[in-house]
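Quick note on our numbering: the sequence shown kicks off at 7 and runs consecutively. The beta-carbon is built from N, C-alpha and C at its ideal position, and this holds for glycine as well. Remember, predicted model here, so these are calculated numbers, not experimental data. Here's the structure we're looking at; comments come further down.
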Amino acid sequence: MFSKILIANRGEIALRVHRACQEMGIRTVAVHSTADATAMHVRLADESVCIGPPAARDSYLNVAAILSAATITGAEAIHPGYGFLSENARFAEMVEAHGLTFIGPTADHIRIMGDKIAAKTAMRSLGVPLVPGSDGALATLEEARAVADTVKYPVLIKAAAGGGGRGMKVAHSEDELEEAWRVARTEAKAAFGDDSVYLEKYLDRPRHIELQVLADNHGNVVHFGERDCSLQRRHQKLLEEAGSPVLDAAARDALGATVTAGLRKLGYRNAGTLEFLWQDDQFAFIEMNTRLQVEHPVTEMVCGIDLVKEQIRVAAGQALGYAQQDIRFTGHAIECRITAEDPETFAPSPGRVTQYHAPGGLGVRVDSALYAGYTVPPHYDSLVAKLVVHAPNRAEAIGRLRRALSEMVIAGIKTTLPLHQRVVEDPEFQAGDYTIHWLERFVAR
Ligand code: MV4
Numbered sequence: 007m008f009s010k011i012l013i014a015n016r017g018e019i020a021l022r023v024h025r026a027c028q029e030m031g032i033r034t035v036a037v038h039s040t041a042d043a044t045a046m047h048v049r050l051a052d053e054s055v056c057i058g059p060p061a062a063r064d065s066y067l068n069v070a071a072i073l074s075a076a077t078i079t080g081a082e083a084i085h086p087g088y089g090f091l092s093e094n095a096r097f098a099e100m101v102e103a104h105g106l107t108f109i110g111p112t113a114d115h116i117r118i119m120g121d122k123i124a125a126k127t128a129m130r131s132l133g134v135p136l137v138p139g140s141d142g143a144l145a146t147l148e149e150a151r152a153v154a155d156t157v158k159y160p161v162l163i164k165a166a167a168g169g170g171g172r173g174m175k176v177a178h179s180e181d182e183l184e185e186a187w188r189v190a191r192t193e194a195k196a197a198f199g200d201d202s203v204y205l206e207k208y209l210d211r212p213r214h215i216e217l218q219v220l221a222d223n224h225g226n227v228v229h230f231g232e233r234d235c236s237l238q239r240r241h242q243k244l245l246e247e248a249g250s251p252v253l254d255a256a257a258r259d260a261l262g263a264t265v266t267a268g269l270r271k272l273g274y275r276n277a278g279t280l281e282f283l284w285q286d287d288q289f290a291f292i293e294m295n296t297r298l299q300v301e302h303p304v305t306e307m308v309c310g311i312d313l314v315k316e317q318i319r320v321a322a323g324q325a326l327g328y329a330q331q332d333i334r335f336t337g338h339a340i341e342c343r344i345t346a347e348d349p350e351t352f353a354p355s356p357g358r359v360t361q362y363h364a365p366g367g368l369g370v371r372v373d374s375a376l377y378a379g380y381t382v383p384p385h386y387d388s389l390v391a392k393l394v395v396h397a398p399n400r401a402e403a404i405g406r407l408r409r410a411l412s413e414m415v416i417a418g419i420k421t422t423l424p425l426h427q428r429v430v431e432d433p434e435f436q437a438g439d440y441t442i443h444w445l446e447r448f449v450a451r
C-alpha cells in the first residue's frame, strides 16, 4: 500500500480523498493555489505545497507544478478527484512516466471514453444498448440525412469531443438538419478544435441514470448500482438519488451484468460511470466518465462501501475482496448539491461565510470544506457542500432530507439551500415523477 498520496484537487473532494487516506494510514499532500492558502483541504492535509496563482490553469491544471510537488514530497501516487486533471489522458501518462501511480483508469481508457464516438463504438462491440444513430463519425450532410431518415426525426447532432451538453444541436425535421449540422460542427471546432460529429435519435423525455463500476487490475469488475441524476439545470446537477425511483432490482441486475462483462473484456481499471438515458423502460448508453463523480456518496450510502478507499486499493494492485453477489443495496440515499449561487438567478455568490452549521443525526452526511470565517473564492466551481441523507426507503429519505435542510445554516453568502427546500416539498418530486426537463420548468414557475 502507498504510504503517501498527493491529492491534485481542492474543496470538498480534496477533503473526501484525505479522509479515506487518513483512515487507511496513508499520509496526504495537499496542493493549493495562492487563493486557497487557508482552505480546509490545506489545513487538514499532512503536508501542503503551493502550486501557483488563483487561476486554475496556473495552479490546479499546472501539470509541471503538481508533478514537482509530488516529487519533492515523496508521494507515491496522485488522486485527481473530479474535474481539473481527472480525465486528462496526458496527465495520467505523465504521472506514470514519473514513476508515480495515477489513481484512476489507464490513459488509453481515458482517451477512448473522452472521444464520444470511440466510446460508443466500444460499447456497441460489448453489447451495451445504445441510442439509435450513426455507426461512427459522419463525413457529409448527405450521410447525416440518410441516418436521420432511418432513425426518424427528431435527431441530435453531437460533437465527438463534446459531452456535458456542449456541441449538441437538435433537428426536429429534415428542414432543420442542415442548420443543426453546420452549427454543431462550427461550435465543436471552436470549443474543442475538432469538428467530428455523430447523429442520434433525440429522446424527448428521458431520465438520466448512471451506473457506478469498479475494476481491479486482475480482471474483476463489479457495479454498485445506479444513480438517478435527472434533476439538473443547464447540465448542472442539483440533486441525485440512489437507487432510481423507476428501477427495480431485475432491471439493475440485467444492465449491471451486461456492463460488467463488457468492461472485463475491455480491460477497464479503477472507478468509472456509464451514463444512460432511460425512456420507455429502455436504457441507452450515451457517455462514460472515467473518474470519481461528485455524486459518488449516494452510492456509498446504499452499498456501505468507501469508493475512494476502493480506488486506492485497486490502484495499489490489490484484488477486489468480494464478488457482485456480495454487494447489497440497502435503503435509499439522496444528495443535494449546495452551491454558492443566488437560488433564483443562479448568479455566483462568492464571499465570506459568517456562520456555518452542518446538520447531523442518524443517516445524515455532509461533505464540505466550509468553516465559519472562510471566504469562498470566486475563481472555482461554486459547489460548497453536499448534503447526503440515507434512510430505509425513499419516503423516509425525503423526510430526513427536509429535516436536515431545515437545520443547515450557511450565512454571509447566497446558496441554493432555499431551492432545495422547495424541491423536497414538491408532490411530483415526492412521487419520483420527473425527467431531465423537470427542474428547468420548476425553476421557471
Ligand atoms: C441526449 C438527449 C436526448 N437524446 N441524447 C446532454 C449532455 C450529454 N451528456 C448528453 N445529453 C443529452 N443527450 C439523445 N439522443 C438529451 C441530453 C440532455 C441531457 C442528458 C442528461 C442529463 C441532462 C440533459 C439535459 C439536456 C439534454
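I need the boundaries of the beta strand (DSSP E) containing Gln-324, first residue and last residue. Where Gln-324 is concerned, there is no enclosing beta strand (DSSP E), given that its DSSP letter is neither H nor E.
Going by the DSSP bridge assignment, what does Arg-451 pair with across the sheet? In DSSP, Arg-451 forms no bridge with anything.
Measuring CB atoms only, is the segment 261–273 touching the segment 229–236, in the sense that at least three cross pairs come out at less than 8 Å? yes
Looking at the ligand MV4, does it come within less than 7 Å of Val-265, judged from the CB to the closest heavy atom? no
In whole angstroms, what separates the C-alpha of Pro-365 from that of Pro-60? 31 Å
Using 7 Å as the cut-off, classify the Cβ of His-241 as near or not near the heavy atoms of the ligand MV4, replying yes or no. yes
Between the Cα of Gln-324 and those of Ala-103, Ser-179, Leu-445, Asn-226, spot the shortest distance and give me the residue it belongs to. Asn-226
Less than 8 Å between the CB atoms is what I'm expecting for Ile-333 and Cys-309, so what's the real figure, rounded? 6 Å
Other residues of its chain near Arg-406: CB distance less than 6 Å, five sequence neighbours each side excluded: Gly-369, Val-395, Ala-397
Residue span of the alpha helix (DSSP H) that contains His-115, given as start and end: 113–120
Counting only runs of 4+ residues fully inside the segment 45–103, write out the alpha helix (DSSP H) ranges in chain order. 46–50, 69–79, 95–103
I need the boundaries of the beta strand (DSSP E) containing Phe-282, first residue and last residue. 276–285
Range of the contiguous beta strand (DSSP E) that encloses Phe-230: 227–239
Proximity winner among His-178, Gly-171, Leu-209, relative to Glu-193 (alpha-carbon distances): Gly-171
Just reading off the beta strand (DSSP E) that Glu-301 is part of, what are its end residues? Element bounds for Glu-301: n/a, residue is neither H nor E.
Let me check understanding here. Comparing Cα to Cα, which of Ser-54, Gly-438, Gly-58, Met-46 lies closest to Ser-250? Gly-438
Just verifying my parser: in three-state terms, what is the DSSP assignment at Pro-354? strand
Decide if Val-377 is buried, meaning its Cβ has at least 16 other Cβ atoms within 10 Å, or exposed. It is Tyr, not Val, that sits at residue 377 in the sequence shown. Result: exposed.
What residues match up with Lys-158 in a beta bridge as DSSP calls it? Paired residue(s): none; Lys-158 is not in a bridge.
Is the beta carbon of Ile-4 sitting closer than 8 Å to the one on Ser-236? This structure cannot speak to residue 4, because the chain is shown only from 7 to 451.
Is Val-137 near the ligand MV4, in the sense that its beta carbon is under 7 Å from a heavy atom of that ligand? yes
Determine whether the beta carbon atoms of Arg-63 and His-38 lie at a separation below 8 Å. no
His-426 in three-state terms, based on DSSP: helix
Give the straight-line distance between the Cα atoms of His-426 and Gly-105, rounded to the nearest whole angstrom. 45 Å
Rank Arg-239, Ser-9, Leu-244, Asp-181 by C-alpha distance to the C-alpha of Val-430 and give the top, closest one. Leu-244
List the endpoints of the continuous alpha helix (DSSP H) containing Phe-435. 433–437
Is the segment 140–158 in contact with the segment 196–215, if contact means three or more CB pairs nearer than 8 Å? yes
Who are Ala-36's beta bridge partners in DSSP? Ile-13, Ser-54
Out of Ser-374, Ala-70, Lys-10, which has the shortest C-alpha to C-alpha gap to Glu-53? Lys-10
Best match in Ser-92, Val-390, Gln-330 for proximity to Cys-342 [C-alpha to C-alpha]: Val-390
If I measure Cβ to Cβ from Phe-108 and keep anything under 7 Å in the same chain, skipping five residues before and after, which residues do I get? Ile-84, Ala-98, Val-101, Glu-102
In chain order, what residues of the same chain have a beta carbon less than 7 Å from the beta carbon of Met-414, not counting five sequence neighbours either side? His-363, Ala-364, Pro-365, Leu-393, Leu-423
Using only the alpha-carbon positions, how far apart do Gln-361 and Arg-188 sit? 50 Å
Taking 8 Å as the cut-off, decide whether the C-beta atoms of Ala-186 and Ala-177 are in contact. yes
In the DSSP output, which residue or residues are listed as bridge partners for Tyr-380? Tyr-380 pairs with nothing; no bridge assigned.
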